[in-house]
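Asks: Next up is a structure, given as structure tokens.
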């Protein structure tokens, strides 16, 4: 039995790993075939027929994180500080047989880099979560920004 | 700004910082560079059917690119002939007529006035057939193999003369399409740079920067992440993780119109996959089997068509450079599809373009950071000059009207600055 409290606890921890820049631990939450996706179109159906802000399978995620750890990543010199706020958590669908659920929530992310204006991003997350004992593995996480089809400043860290 | 003032901003190997900082220079650029040259407005595949439209800007002026019912491509100023409101507020769509939201005046897709409410309220002294009451067409529109350009100047050289040596870049890409045409689909990456537009166009003919600006994308062996399926990753530094000499071997060509062409990036041929074999077979039907290797041999990487658009031949895309203010520029990157090529190639292109050109990409982000640091650094009064002396005097004319130099030669930027000065000081 998966409760909203279980899902919320998991998501709160997931975004806190991003805020603490524990990117490797964050990546470890994804299943081997998992991916992270931030579409660049509203209601985008397919990450392969339209461009995306992020579309990272674990291999690309690893490359991204390696770069985030590089001492000469100019766009993170100085690094971003972020805080994520999540709420309105819902379980949209449960597939008890496969031990999976589809969950969603609203999010706001504030991002600050010294010397730059503070930025605000927001939208809805969706997750496909797979039961792993007391916790979950992420089959996919999708960040649907309300301005996903807008013009962005350079982005370095995941939403 | 008078000619003497402007001439003082450019020397053979340098540009004055004022050219990047002064709003008065920017206003003059909008009038004399973006207001006079052929500016890329879109690709005809984006307005494929009659009534299709998209909105964009030339020299900060809002325009609509649309397909008229006679099949022709039109570029109209996006302004109501009545009280001046923007008529088309959507970014793209399809419309039989354009309707101004303010008083309901409607326009055909050639810009002529189709109708207005309560027209009997206009007396005989008002000529409702006056073309000036329409959405006025931009003075010149021309298309080269689907790429639509417009000019706000009523007289200018033909588009083909303007493109000159860079027509070859478009020709070669179109030849790689089994159906003989390219198209834009799959949206675009959009990012904003809080820096002058010239920093972006200079970067498109700069092979000196990758190993440093993009150092965070390099592995210990000097290679970059893979940009295509099965690719080993392009070498950005040599096998020893240090040497950079191959960047010079790629070569750089510049043209008097201000355009430039980077030589092809070093890489290991095309993948031997089922998809790619199907693509070669389709190309063989078009060009003959004996010509396929030639058609697939890249002779260039980025082509910068001064001042508004760049086209990349490797991971095919079109990049538009839209100046918004002296210190603000909007960039869009559109994947370019080869008609008749396997769909899988388009899907792969879109996937890998996310890595190089999204607002969150591994590549553009470090470039954007550098352009913004240039904008900040140039506030210092200690040194008025930005330098472009690399390879000065080493370029040699080629036999296609261009000048060729080593890959890290800054000749492309010098050509941009000469073309810029010529526009800015022209009568």
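Chains as they are written, first to last, in our numbering: chain C, 7 to 165; chain D, 12 to 438.
Glycine included, C-beta positions come from ideal geometry on N, C-alpha and C.
Bear in mind that the values here come from a model prediction, so they are computed numbers and not experimental data.
Helix, strand or coil, according to DSSP, for residue 44 (chain D) in the structure here?
Replies: Start at 1 with the first residue of the second chain, and residue 44 (chain D) comes out as number 33. Residue 44 (chain D): coil per DSSP, three-state reduction.
Asks: State yes or no: is the beta carbon of residue 217 (chain D) nearer than 8 Å to at least one beta carbon in chain C?
Replies: As a working mapping, residue 217 (chain D) is identified with position 206 in the second chain. So, not an interface residue.
Asks: Mind checking if residue 304 (chain D) is an interface residue toward chain C, Cβ cutoff 8 Å exclusive?
Replies: Residue 304 (chain D) sits at position 293 when you count from the first residue of the second chain. Not one chain C Cβ lies under 8 Å of residue 304 (chain D).
Asks: Quick one: using the 10 Å Cβ neighbour count with 16 as the cut-off for buried, is residue 152 (chain C) buried or exposed?
Replies: Walking along the first chain from the start, residue 152 (chain C) turns up at place 146. Exposed is the call here.
Asks: Any contact of the stretch 137-144 of chain C with the stretch 23-42 of chain C, i.e. 3+ C-beta pairs under 8 Å?
Replies: Yes, since at least three Cβ pairs between the stretch 137-144 of chain C and the stretch 23-42 of chain C fall closer than 8 Å, the two stretches touch.
Asks: Who are the near neighbours of residue 45 (chain C) in its chain, counting only those whose CB is closer than 6 Å to its CB and skipping five residues on each side?
Replies: In the first chain, counting from the first residue as 1, residue 45 (chain C) sits at position 39. Taken in chain order, the residues that qualify are 58 and 154.
Asks: From residue 111 (chain C) to residue 134 (chain C), what does the alpha carbon distance come to, in whole angstroms?
Replies: The sequence position of residue 111 (chain C) within the first chain is 105, counting from 1. The sequence position of residue 134 (chain C) within the first chain is 128, counting from 1. The straight-line gap from Cα to Cα measures roughly 12 Å.
Asks: Quick check on residue 153 (chain D): does DSSP put it in helix, strand or coil?
Replies: Position 142 of the second chain, counted from the start, is the residue given in the question as residue 153 (chain D). Correct three-state label for residue 153 (chain D): strand.
Asks: Which residues bound the alpha helix (DSSP H) around residue 8 (chain C)?
Replies: For the purposes of this step, residue 8 (chain C) is taken as residue 2 along the first chain, with counting starting at 1. Where residue 8 (chain C) is concerned, there is no enclosing alpha helix (DSSP H), given that its DSSP letter is neither H nor E.
Asks: Give me the DSSP bridge partner(s) of residue 129 (chain C).
Replies: Position 123 of the first chain, counting from 1, holds the residue named residue 129 (chain C). Answer by DSSP bridge pairing, in chain order: C:113 and C:151.
Asks: Kindly give me the distance between the Cβ atoms of residue 406 (chain D) and residue 415 (chain D), rounded to whole angstroms, as I take these residues to be in contact under 8 Å.
Replies: Position 395 of the second chain holds residue 406 (chain D). Position 404 of the second chain holds residue 415 (chain D). Right, the Cβ-Cβ distance comes to about 6 Å (below 8 Å), so this counts as a contact.
Asks: Would the stretch 336-353 of chain D count as touching the stretch 82-100 of chain D if we require 3 or more Cβ pairs under 8 Å?
Replies: Segments in contact, no.
Asks: If the criterion is Cβ atoms closer than 8 Å, does the pair residue 52 (chain D) and residue 200 (chain D) meet it?
Replies: In the second chain, the residue the question calls residue 52 (chain D) occupies position 41. In the second chain, the residue the question calls residue 200 (chain D) occupies position 189. Contact flag unset, no.
Asks: What in chain C is Cβ-close to residue 203 (chain D), meaning under 8 Å?
Replies: For the purposes of this step, residue 203 (chain D) is taken as residue 192 along the second chain, with counting starting at 1. Chain C residues near residue 203 (chain D): 157, 158 and 159.
Asks: So residue 203 (chain D) and residue 341 (chain D) are in contact, right, with Cβ under 8 Å, and what is the actual spacing, rounded?
Replies: To locate residue 203 (chain D), count along the second chain from 1; it is residue 192. To locate residue 341 (chain D), count along the second chain from 1; it is residue 330. Rounded, the Cβ-Cβ distance is 5 Å, consistent with contact.
Asks: Suppose contacts are defined by Cβ-Cβ distances below 8 Å. Is residue 297 (chain D) in contact with residue 191 (chain D) by that definition?
Replies: As a working mapping, residue 297 (chain D) is identified with position 286 in the second chain. As a working mapping, residue 191 (chain D) is identified with position 180 in the second chain. Taking 8 Å as the Cβ cut-off, residue 297 (chain D) and residue 191 (chain D) qualify as a contacting pair.
Asks: Under the DSSP definition of a beta bridge, which residues are partnered with residue 194 (chain D)?
Replies: Working through the second chain from its first residue, we reach residue 194 (chain D) at position 183. DSSP, once it has assigned bridges, lists D:348 as partnering residue 194 (chain D).
Asks: Strictly below 8 Å CB to CB, what residues from chain C border residue 381 (chain D)?
Replies: In the second chain, residue 381 (chain D) corresponds to position 370, counting from 1. Residues of chain C passing the Cβ test: 80.
Asks: Whose Cβ in chain C lies nearer than 9 Å to the Cβ of residue 365 (chain D)?
Replies: What you label residue 365 (chain D) is simply residue 354 of the second chain in a count that begins at 1. Ordered by position in chain C, the residues that pass the 9 Å Cβ test against residue 365 (chain D) are 46, 53, 57, 58, 59, 60, 61, 62 and 66.
Asks: For residue 75 (chain D), count the other beta carbons within 10 Å of its own beta carbon; 16 or more makes it buried, fewer makes it exposed. Which is it?
Replies: Numbered from its first residue, the second chain carries residue 75 (chain D) at position 64. Buried.
Asks: With 7 Å as the limit, tell me which residues of the stretch 126-145 of chain C have their beta carbon closer than that to any beta carbon of chain D; keep them in chain order.
Replies: Cβ contacts with chain D: none found.
Asks: Would a C-beta distance cut-off of 8 Å place residue 118 (chain D) and residue 95 (chain D) closer than the cut-off?
Replies: Here residue 118 (chain D) refers to the residue found at position 107 when the second chain is read from its first residue. Here residue 95 (chain D) refers to the residue found at position 84 when the second chain is read from its first residue. Contact flag unset, no.
Asks: Apart from the five residues on each side of it in sequence, which residues of its chain come closer than 6 Å, Cβ to Cβ, to residue 132 (chain C)?
Replies: As a working mapping, residue 132 (chain C) is identified with position 126 in the first chain. If we look at residue 132 (chain C) and ignore the five residues flanking it on each side, its Cβ neighbours are 110 and 148.
Asks: I need the boundaries of the beta strand (DSSP E) containing residue 99 (chain C), first residue and last residue.
Replies: By 1-based counting over the first chain, the position of residue 99 (chain C) is 93. Where residue 99 (chain C) is concerned, the enclosing beta strand (DSSP E) stretches over 87-101.
Asks: Using alpha carbons as the reference points, say which of D:171, D:229, D:23 and D:238 lies closest to residue 356 (chain D).
Replies: Residue 356 (chain D) sits at position 345 when you count from the first residue of the second chain. Taking only the C-alpha atoms, the option nearest residue 356 (chain D) is D:238.
Asks: Report the three-state DSSP secondary structure of residue 322 (chain D) (helix, strand or coil).
Replies: For the purposes of this step, residue 322 (chain D) is taken as the residue at position 311 of the second chain. It is a strand residue.
Asks: Please state whether the Cβ-Cβ distance between residue 377 (chain D) and residue 80 (chain C) is less than 8 Å.
Replies: By one-based count along the second chain, residue 377 (chain D) stands at place 366. By one-based count along the first chain, residue 80 (chain C) stands at place 74. Contact: yes.
Asks: Output needed in chain order: residues of the stretch 344-356 of chain D with a Cβ under 7 Å from some Cβ in chain C.
Replies: Under the 7 Å Cβ criterion, the stretch 344-356 of chain D contributes 346.
Asks: Nearest chain C C-beta to residue 268 (chain D) closer than 8 Å, yes or no?
Replies: Reading the second chain from its first residue, position 257 is the one you call residue 268 (chain D). Answer no: the Cβ-Cβ gap between residue 268 (chain D) and chain C never drops below 8 Å.
Asks: For residue 155 (chain D), which residues from the same chain have a beta carbon less than 7 Å from its beta carbon, with the 5 sequence-adjacent residues on both sides left out?
Replies: Looking up residue 155 (chain D) in the second chain gives position 144. Excluding residues within five positions, the ones whose Cβ falls inside 7 Å are 170, 171, 174, 178 and 181.
Asks: Quick one: using the 10 Å Cβ neighbour count with 16 as the cut-off for buried, is residue 294 (chain D) buried or exposed?
Replies: Within the second chain, residue 294 (chain D) is the residue found at index 283, counting from 1. Its Cβ being crowded by 16 or more others within 10 Å, residue 294 (chain D) is buried.
Asks: Between residue 33 (chain D) and residue 398 (chain D), which are expected to be in contact by the criterion C-beta below 8 Å, what is the C-beta distance as a whole number of angstroms?
Replies: Sequence index remark: in the second chain, residue 33 (chain D) carries index 22 (1-based). Sequence index remark: in the second chain, residue 398 (chain D) carries index 387 (1-based). The pair is not a contact, with the Cβ atoms about 19 Å apart (cut-off 8 Å).
Asks: Out of D:236, D:17 and D:68, point me to the one whose CA is closest to residue 319 (chain D)'s CA.
Replies: Here residue 319 (chain D) corresponds to residue number 308 of the second chain, with the count starting at 1. Among D:236, D:17 and D:68, the Cα nearest to that of residue 319 (chain D) is on D:68.
Asks: Going by the beta-carbon positions, is the gap between residue 21 (chain C) and residue 97 (chain C) smaller than 8 Å?
Replies: Translated into the one-based positions of the first chain, residue 21 (chain C) becomes position 15. Translated into the one-based positions of the first chain, residue 97 (chain C) becomes position 91. No, the Cβ-Cβ distance between residue 21 (chain C) and residue 97 (chain C) is not below 8 Å.
Asks: Would you report the Cα separation of residue 428 (chain D) and residue 32 (chain C), rounded to the nearest angstrom?
Replies: Start at 1 with the first residue of the second chain, and residue 428 (chain D) comes out as number 417. Start at 1 with the first residue of the first chain, and residue 32 (chain C) comes out as number 26. C-alpha separation (whole angstroms): 47 Å.
Asks: Comparing the C-beta of residue 53 (chain D) with each C-beta of chain C, is any distance below 8 Å?
Replies: Here residue 53 (chain D) refers to the residue found at position 42 when the second chain is read from its first residue. Not an interface residue.
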